[in-house]
Amino acid sequence: SQASRGEPQIAAGAELESEAEPWSLLRPLDGRDRSGFLSPLFKVLYDGQGGTPRLQPDSRALHYMKRLYKAYATKEGIPKSNRSPLYNTVRLFTSCAQHKQAPGDQATGSVPSVDLLFNLDRVTAVENLLKSVLLYTFSNSISFPSAVKCVCNLVIKEPESSSRTPHRALSSFTFNLQFELKKKYTWFEVDVTTLLQPLVASNKKSIHMSVNFTCTRDQGQDPSAQDRPFNVTLQVPPSLLLYLNDTSAQAYHGWCSLHYKRRPSRSADQNRGLSVCPQGEGSAEGVRSPRHRR
Amino acid sequence: GQETISLPLNKPRAPASLNLSEYFKQFLFPQHECELHDFRLSFSQLKWDNWIVAPPRYNPRYCKGDCPRAVGHRYGSPVHTMVQNIIHEKLDSSVPRPSCVPAKYSPLSVLTIEPDGSIAYKEYEDMIATKCTCR
Numbered sequence: 001s002q003a004s005r006g007e008p009q010i011a012a013g014a015e016l017e018s019e020a021e022p023w024s025l026l027r028p029l030d031g032r033d034r035s036g037f038l039s040p041l042f043k044v045l046y047d048g049q050g051g052t053p054r055l056q057p058d059s060r061a062l063h064y065m066k067r068l069y070k071a072y073a074t075k076e077g078i079p080k081s082n083r084s085p086l087y088n089t090v091r092l093f094t095s096c097a098q099h100k101q102a103p104g105d106q107a108t109g110s111v112p113s114v115d116l117l118f119n120l121d122r123v124t125a126v127e128n129l130l131k132s133v134l135l136y137t138f139s140n141s142i143s144f145p146s147a148v149k150c151v152c153n154l155v156i157k158e159p160e161s162s163s164r165t166p167h168r169a170l171s172s173f174t175f176n177l178q179f180e181l182k183k184k185y186t187w188f189e190v191d192v193t194t195l196l197q198p199l200v201a202s203n204k205k206s207i208h209m210s211v212n213f214t215c216t217r218d219q220g221q222d223p224s225a226q227d228r229p230f231n232v233t234l235q236v237p238p239s240l241l242l243y244l245n246d247t248s249a250q251a252y253h254g255w256c257s258l259h260y261k262r263r264p265s266r267s268a269d270q271n272r273g274l275s276v277c278p279q280g281e282g283s284a285e286g287v288r289s290p291r292h293r294r
Numbered sequence: 001g002q003e004t005i006s007l008p009l010n011k012p013r014a015p016a017s018l019n020l021s022e023y024f025k026q027f028l029f030p031q032h033e034c035e036l037h038d039f040r041l042s043f044s045q046l047k048w049d050n051w052i053v054a055p056p057r058y059n060p061r062y063c064k065g066d067c068p069r070a071v072g073h074r075y076g077s078p079v080h081t082m083v084q085n086i087i088h089e090k091l092d093s094s095v096p097r098p099s100c101v102p103a104k105y106s107p108l109s110v111l112t113i114e115p116d117g118s119i120a121y122k123e124y125e126d127m128i129a130t131k132c133t134c135r
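If you're matching them up, the sequences are chains A and B in order.
Everything in the first sequence is counted per the working numbering, starting at 1 for the first residue and increasing by one.
Everything in the second sequence is counted per the working numbering, starting at 1 for the first residue and increasing by one.
Structural data, given as structure tokens:
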């Protein structure tokens, strides 16, 4: 009857009102998180409730991400159409363990090797890695000689299995960096996509690596650079920046539906087997061939 | 309608049931028609600003207003909307009239601090209502 149906709702309502915190609206009424009841978005929001202690991010990292946000979204928070359409998630991790191994040598420009451990727990299985970058940020802008040549040696290690066994280097990569830094630079990126792709793709929850740079002035380009001392503050440990494509239904796939509407044929990415579109409406729309306007 | 026009003005107006133009007006121009309304909030109001860094303000908007009995292309409503009106009026009034609801959305970019201190920029689908419909 009408009356009986009405009561439980009122009771639930009363229970909701008594809990003043708005975020409690997101919690299931009986308090239990039946699997699948809370969609990932609400789980994120629910996890974010004020009660759980939260580690504060590095201020430089936060500054960088705020600039990235301004570049990618309008003041109202709407994604800009001129950003790269492939990824809809960017995660920045700061290393949770930094050990210096060998001291650097200012005269030769070698930077102490830094041991880094990144915890990737927050990367979910539906987030496909597209690009990964080591991000060096400088607390104050430094002036480099106009041309710098660096050799970067990166060793990826096995996660620590027991404190007694030494870290076994999984693979070691050395690559040359040559870049010109303008004055007032506050950060630069080192692309390590190919190195980390297999690790993140295999859902590794932590990445352990050591990085060191040896930088020398590029005599040919800037003879005047000899007389200025080469002060490098690269020993600031880098952050790890991951550009990901979240394929869940809650994530925004704007370019996907546009992409399909305009060109229903498969894109090169999909030929490569990259699943960049959720199997959802967007792709279904692509099946219908658009009728051309006569 | 010719008769009503030719009525002498000094006579009292015809009873409402005979005043067709008034009657039809309720179809064409609902008084509080279904439309989009702004609702600006800041995450500090929800006490979420310690982990949602951006956007500084969020306007999800919402739909509110009356749906005319004869909805047509004006709201982009499917034919079913008209059928539901007929069921409500002619067959079972417990079946509600069509409601004024969002028909289109736009995404929202969010910058959040994760519990482990990492920072995430994410784009979520359907977070801002941009168009209303009756259905």
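Where is the CB? At the ideal position from N, CA and C, for every residue including glycine.
As the structure is a computational prediction, the values presented were derived from the model and not from experiment.
Compute the Euclidean distance between the alpha carbons of residue i and residue j, then round it to the nearest angstrom.
{"i": "threonine 112 of chain B", "j": "arginine 57 of chain B", "result": "14 Å"}
{"i": "asparagine 50 of chain B", "j": "glutamine 84 of chain B", "result": "46 Å"}
{"i": "leucine 154 of chain A", "j": "leucine 108 of chain B", "result": "37 Å"}
{"i": "cysteine 150 of chain A", "j": "alanine 73 of chain A", "result": "34 Å"}
{"i": "phenylalanine 188 of chain A", "j": "tryptophan 48 of chain B", "result": "32 Å"}
{"i": "proline 237 of chain A", "j": "cysteine 34 of chain B", "result": "56 Å"}
{"i": "histidine 32 of chain B", "j": "serine 42 of chain B", "result": "28 Å"}
{"i": "aspartate 116 of chain B", "j": "glutamine 56 of chain A", "result": "8 Å"}
{"i": "isoleucine 78 of chain A", "j": "alanine 71 of chain A", "result": "11 Å"}
{"i": "threonine 133 of chain B", "j": "arginine 69 of chain B", "result": "13 Å"}
{"i": "alanine 249 of chain A", "j": "methionine 127 of chain B", "result": "13 Å"}
{"i": "serine 77 of chain B", "j": "valine 190 of chain A", "result": "52 Å"}
{"i": "valine 126 of chain A", "j": "threonine 130 of chain B", "result": "28 Å"}
{"i": "isoleucine 52 of chain B", "j": "threonine 124 of chain A", "result": "19 Å"}
{"i": "serine 21 of chain B", "j": "proline 85 of chain A", "result": "53 Å"}
{"i": "serine 44 of chain B", "j": "threonine 247 of chain A", "result": "29 Å"}
{"i": "serine 172 of chain A", "j": "threonine 216 of chain A", "result": "22 Å"}
{"i": "phenylalanine 24 of chain B", "j": "glutamate 125 of chain B", "result": "40 Å"}
When DSSP labels each residue in this structure, what does residue i get in the three-state scheme?
{"i": "valine 83 of chain B", "result": "helix"}
{"i": "leucine 240 of chain A", "result": "strand"}
{"i": "alanine 249 of chain A", "result": "coil"}
{"i": "leucine 120 of chain A", "result": "coil"}
{"i": "threonine 193 of chain A", "result": "helix"}
{"i": "lysine 66 of chain A", "result": "helix"}
{"i": "phenylalanine 213 of chain A", "result": "strand"}
{"i": "alanine 295 of chain A", "result": "Only positions 1 to 294 of chain A appear in the structure, and residue 295 of chain A is not among them; the question remains open."}
{"i": "glutamate 33 of chain B", "result": "strand"}
{"i": "alanine 201 of chain A", "result": "helix"}
{"i": "lysine 131 of chain B", "result": "strand"}
{"i": "phenylalanine 188 of chain A", "result": "strand"}
{"i": "phenylalanine 173 of chain A", "result": "strand"}
{"i": "tyrosine 75 of chain B", "result": "helix"}
{"i": "leucine 55 of chain A", "result": "coil"}
{"i": "isoleucine 119 of chain B", "result": "strand"}
{"i": "serine 106 of chain B", "result": "strand"}
Kindly indicate which residue of the options has the alpha-carbon position closest to the one of residue i.
{"i": "alanine 120 of chain B", "options": "A/Ser132, A/Pro237, A/Ala125 and A/Leu92", "result": "A/Leu92"}
{"i": "isoleucine 207 of chain A", "options": "A/Gln250, A/Trp187 and A/Ser132", "result": "A/Ser132"}
{"i": "proline 98 of chain B", "options": "B/Pro60, B/His32, B/Arg135 and B/Asn19", "result": "B/Arg135"}
{"i": "arginine 40 of chain B", "options": "B/Pro60, B/Ser106 and B/Tyr124", "result": "B/Pro60"}
{"i": "tyrosine 105 of chain B", "options": "B/Thr81, B/His80 and B/Tyr62", "result": "B/Tyr62"}
{"i": "aspartate 66 of chain B", "options": "B/Ser42, B/Cys100 and B/Lys122", "result": "B/Cys100"}
{"i": "threonine 214 of chain A", "options": "A/Ala249, A/Asp246, A/Leu240 and A/Thr174", "result": "A/Thr174"}
{"i": "arginine 60 of chain A", "options": "A/Thr137, A/Gln250 and A/Thr216", "result": "A/Thr137"}
{"i": "lysine 80 of chain A", "options": "B/Val110, B/Phe24, B/Asp38 and B/Pro78", "result": "B/Val110"}
{"i": "serine 204 of chain A", "options": "A/Ser172, A/Leu240 and A/Glu158", "result": "Note on identity: in this sequence residue 204 of chain A is lysine, with serine being the wrong assignment. Taking only the C-alpha atoms, the option nearest lysine 204 of chain A is A/Glu158."}
{"i": "isoleucine 156 of chain A", "options": "A/Lys75, A/Val200 and A/Glu76", "result": "A/Val200"}
{"i": "lysine 64 of chain B", "options": "B/His37, B/Lys90, B/Ser44 and B/Met82", "result": "B/His37"}
{"i": "leucine 240 of chain A", "options": "A/Thr216, A/Thr247 and A/Leu195", "result": "A/Leu195"}
Assuming residue i contacts residue j (C-beta within less than 8 Å), just tell me the rounded distance between them.
{"i": "valine 192 of chain A", "j": "leucine 134 of chain A", "result": "6 Å"}
{"i": "aspartate 58 of chain A", "j": "threonine 94 of chain A", "result": "5 Å"}
{"i": "leucine 120 of chain A", "j": "glutamine 197 of chain A", "result": "Leucine 120 of chain A to glutamine 197 of chain A, Cβ: 13 Å. No contact."}
{"i": "glutamate 123 of chain B", "j": "tyrosine 252 of chain A", "result": "4 Å"}
{"i": "valine 95 of chain B", "j": "histidine 88 of chain B", "result": "5 Å"}
Report yes if the CB atom of residue i is closer than 9 Å to the CB atom of residue j, and no otherwise.
{"i": "tyrosine 75 of chain B", "j": "alanine 54 of chain B", "result": "no"}
{"i": "serine 210 of chain A", "j": "aspartate 115 of chain A", "result": "yes"}
{"i": "cysteine 152 of chain A", "j": "phenylalanine 118 of chain A", "result": "no"}
{"i": "glutamate 114 of chain B", "j": "arginine 122 of chain A", "result": "yes"}
{"i": "tyrosine 87 of chain A", "j": "asparagine 245 of chain A", "result": "yes"}
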